[in-house]
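K.L.:
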Amino acid sequence: MVHQRRLKYGYVLDKTLLHRVDGLCGFYTGQPGDDKTKPDGSLATTTDEYGDSWAIGDRDCEGRKCSPETTASAFQLCNAIDAKPFSECHALVPPSGFMQGCIERACACLSEGGSEEECKCAALGRYVVKCLELDSSIPLQDWRVVAKCYKACPTGERYSDCHDSCEKTCDTYGHACPDVQSSKCSSGCFCEPGMVRKDGRCVHPDLCGDCTCEGYGDPHYKSFDRHNFTFNGECSYVAARHRDPRGNHKFQVITHNKRCNRNPVTMCTDGVKILHDDSEAEVRLLPTGVLMTLVEGAPLASFPYRDVHFAVERPDDKHVAIAVPAIYLVVTYSAENYGFTLTVPSHQFSNETEGLCGNCNGEAADDLQLPSGERASSVEEFGLSWQVRSGMRMPMPLD
1 MVHQRRLKYG YVLDKTLLHR VDGLCGFYTG QPGDDKTKPD GSLATTTDEY GDSWAIGDRD
61 CEGRKCSPET TASAFQLCNA IDAKPFSECH ALVPPSGFMQ GCIERACACL SEGGSEEECK
121 CAALGRYVVK CLELDSSIPL QDWRVVAKCY KACPTGERYS DCHDSCEKTC DTYGHACPDV
181 QSSKCSSGCF CEPGMVRKDG RCVHPDLCGD CTCEGYGDPH YKSFDRHNFT FNGECSYVAA
241 RHRDPRGNHK FQVITHNKRC NRNPVTMCTD GVKILHDDSE AEVRLLPTGV LMTLVEGAPL
301 ASFPYRDVHF AVERPDDKHV AIAVPAIYLV VTYSAENYGF TLTVPSHQFS NETEGLCGNC
361 NGEAADDLQL PSGERASSVE EFGLSWQVRS GMRMPMPLD
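This is how it looks when you write it as structure tokens:
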């Protein structure tokens with residue numbers, strides 16, 4: 001049993017059960033025409049007859065009765081499928097086969113206190129979904145306007161009668177939906193085309209920040225694709241940069257490692273520099289424990305700060321965040337654990353980055369790549385290959 005977003009609970013059966021399962025869910029043959037098969041193998045002529053045939057126990061259930069007046073109203077509501085744009089579906093979903101069930105449902109809707117507008121829109125919506133499930137290219141996008149069956153959605157969303165229920169999110173962007181979890185025709189409010197869902201809102205994929213690299217402590221690294229490793233280099237290294245064989249990198253993030261003041265046998269990241277469009281911003285941890293933030297080499301005296309390239313915030317004296325809004329790059333540094341985080345959107349940079357943070361392609365196995373594109377034989381070789389300056393001491397041996 002599976003549960004899908006905006007759907008009720010349903011059952012997924014293996015094909016080995018074809019022709020071996022029946023009941024209210026239908027006769028599992030792959031053919032919708034025989035779904036109303038009764039226990040004796042015959043086809044029911046009405047939905048009530050079909051449902052009653054699968055009743056269990058000795059208790060009699062009193063069927064719902066619909067007055068002649070309500071039945072007549074239900075017929076008028078359902079008869080709207082004879083007009084355009086619904087007539088575009090007649091070849092796929094013949095009205096004659098749809099009307100009986102439609103009248104029964106509309107009658108029940110009216111009897112339960114639903115307005116004629118509510119019951120009409122529910123009936124027409126069911127017909128539209130049946131049609132679009134068979135051919136999503138049928139031009140029915142304006143039917144709610146024609147029938148005055150409007151649906152309100154939050155800003156940035158639109159109502160769809162036939163949308164893939166596996167809606168793209170920041171977490172699933174760039175990945176195919178599993179067949180079992182995806183319905184190709186689900187109704188509801190969905191993000192506008194080109195947008196994805198993040199924390200319940202619809203945003204542009206650039207705002208996802210779904211590729212995140214971390215470094216902290218001795219230092220330990222966790223790449224964009226969540227590969228963990230330790231590299232104790234004492235130098236400056238390319239943590240991440242946009243890959244361009246001509247050297248026209250959209251950004252570069254350089255980290256600097258040195259022996260920790262409090263424990264000289266270990267390494268600490270005491271500085272991070274961001275390069276973008278021939279401009280630079282930097283955060284340094286001074287030996288006194290003070291964080292200094294510089295833009296174009298000049299220390300910043302007040303926060304928040306913003307110019308054409310960078311936006312800088314310092315929420316307290318231990319943390320700094322530097323963003324490059326043009327490319328949605330965000331780098332944070334914490335003096336508490338000598339840690340940094342580096343976030344970019346996969347929408348722009350999937351498989352387009354290189355450095356200690358890897359390539360942001362969702363595959364951790366290929367993260368340890370040298371600048372040449374070849375795979376490193378060890379973490380030491382990998383780390384050294386991204387050293388910015390030569391003539392520095394070699395990495396400390398790993399345990």
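Residue 357 in full-length UniProt numbering sits at position 357 of the sequence shown, with consecutive numbering throughout.
Just so it is clear, CB atoms sit at the ideal spot from N, CA and C, and this is done for glycine as well.
#1: Rounded to a whole number of angstroms, what is the C-alpha to C-alpha distance between P68 and D199?
#2: Under 8 angstroms, with one C-beta from each stretch per pair, do the region 91 to 107 and the region 134 to 143 reach the 3-pair mark?
#3: DSSP state of residue 401, grouped into three classes?
#4: Out of P304, L329, N257 and T288, which one is the CA nearest neighbour of I274?
#5: Enumerate in chain order the residues of its own chain whose CB-to-CB distance from P325 is below 7 angstroms, with the five nearest sequence positions on each side excluded.
#6: Is it true that the region 248 to 262 meets the region 369 to 380, where meeting means three or more beta-carbon pairs spaced less than 8 angstroms apart?
#7: At what residues does the alpha helix (DSSP H) containing Y127 begin and finish?
#8: Spatial neighbours of Y344 within its chain, please: C-beta separation below 6 angstroms, excluding the five flanking residues on both sides.
#9: So, helix, strand or coil for Y333, using DSSP?
#10: Give a yes or no on whether the C-beta atoms belonging to C109 and C102 are separated by under 8 angstroms.
#11: Determine the direct distance from the alpha carbon of C149 to that of R226, and round the result to whole angstroms.
#12: Could you check whether V203 and L356 sit closer than 8 angstroms to each other, using their CB atoms as the reference points?
#13: Please name the residue, chosen from R144, M195, C162 and I254, that lies closest to T155 on a Cα-to-Cα basis.
#14: If I measure Cβ to Cβ from N228 and keep anything under 8 angstroms in the same chain, skipping five residues before and after, which residues do I get?
#15: Tell me the residue span of the beta strand (DSSP E) that contains L384.
#16: Per the DSSP calculation, L285 is bridged to which residue(s)?
#17: The beta strand (DSSP E) spanning H242 covers which residue range?
#18: According to DSSP, is R201 part of a helix, a strand, or is it coil?
#19: If you draw a straight line from the alpha carbon of F303 to that of R314, how long is it in whole angstroms?
#20: What number of angstroms, rounded off, separates the C-alpha of N79 from the C-alpha of N351?
#21: Measuring straight from C-alpha to C-alpha, what distance separates C66 and P205?
#22: Distance check for G26 and G51, CA to CA, integer angstroms please.
#23: Would the beta-carbon of L140 fall within 8 angstroms of that of E88?
#24: Based on Cα-Cα distance, which residue from S53, H242 and T255 lies nearest to D277?
#25: Can you give me the start and stop residues for the alpha helix (DSSP H) that residue 408 sits inside?
#26: Find the nearest neighbour of V253 within the set L384, W54, F340 and V129, judged by alpha-carbon distance.
#27: Taking 8 angstroms as the threshold (C-beta atoms), are T266 and G215 in contact?
#28: So T70 packs on S111, CB below 8 angstroms; how close in whole Å?
#29: Please report how far the alpha carbon of D218 lies from the alpha carbon of E336, in whole angstroms.
#30: Measure the C-alpha to C-alpha separation of N263 and F231 and round it to an integer number of angstroms.
#31: With a CB to CB cut of under 8 angstroms and the five nearest residues on each side skipped, what residues in its chain are close to P85?
#32: Going straight from the alpha carbon of Y28 to that of C189, what length do you get?
#33: Work out the CA separation of G23 and G41 for me, nearest whole Å.
#34: Spatial neighbours of C153 within its chain, please: C-beta separation below 7 angstroms, excluding the five flanking residues on both sides.
#35: If you draw a straight line from the C-alpha of S378 to the C-alpha of V308, how long is it?
#36: If we count the other Cβ atoms within 10 Å of its Cβ and call it buried at 16 or more, is S187 buried or exposed?
P.N.:
On the basis of the data shown:
#1: 49 angstroms
#2: yes
#3: Because the chain is modelled from 1 through 399, residue 401 falls outside the range shown and cannot be assessed.
#4: The shortest CA-to-CA distance from I274 to any of P304, L329, N257 and T288 is the one to L329.
#5: The residues are A311.
#6: no
#7: E116 to L134
#8: Reading off the sequence, residue 344 comes out as Val, not Tyr. For V344, where only same-chain residues beyond five positions count, the Cβ hits under 6 angstroms are C211 and L329.
#9: strand
#10: Not closer than 8 angstroms, so no.
#11: Straight-line measurement puts the Cα of C149 at about 47 angstroms from the Cα of R226.
#12: no
#13: M195
#14: H220, Y221 and K222
#15: L384 -> not in any beta strand (DSSP E); alpha helix (DSSP H) instead, spanning V379 to S385.
#16: L291
#17: Taken as a continuous stretch (DSSP letters only), the beta strand (DSSP E) holding H242 covers S236 to H242.
#18: Of the three classes helix, strand and coil, the one that applies to R201 here is strand, per DSSP.
#19: 6 angstroms
#20: Going by the C-alpha atoms only, they are around 54 angstroms apart.
#21: 51 angstroms
#22: 11 angstroms
#23: yes
#24: H242
#25: Look at the range of the chain in this structure, 1 to 399, and you will see that residue 408 is not part of it.
#26: The shortest C-alpha separation from V253 is found at F340.
#27: no
#28: 6 angstroms
#29: 13 angstroms
#30: For N263 and F231, the distance between alpha carbons rounds to 17 angstroms.
#31: P139, L140, D142, W143 and V146
#32: 31 angstroms
#33: The alpha-carbon atoms of G41 and G23 are separated by roughly 11 angstroms.
#34: Y159 and C189
#35: 40 angstroms
#36: buried
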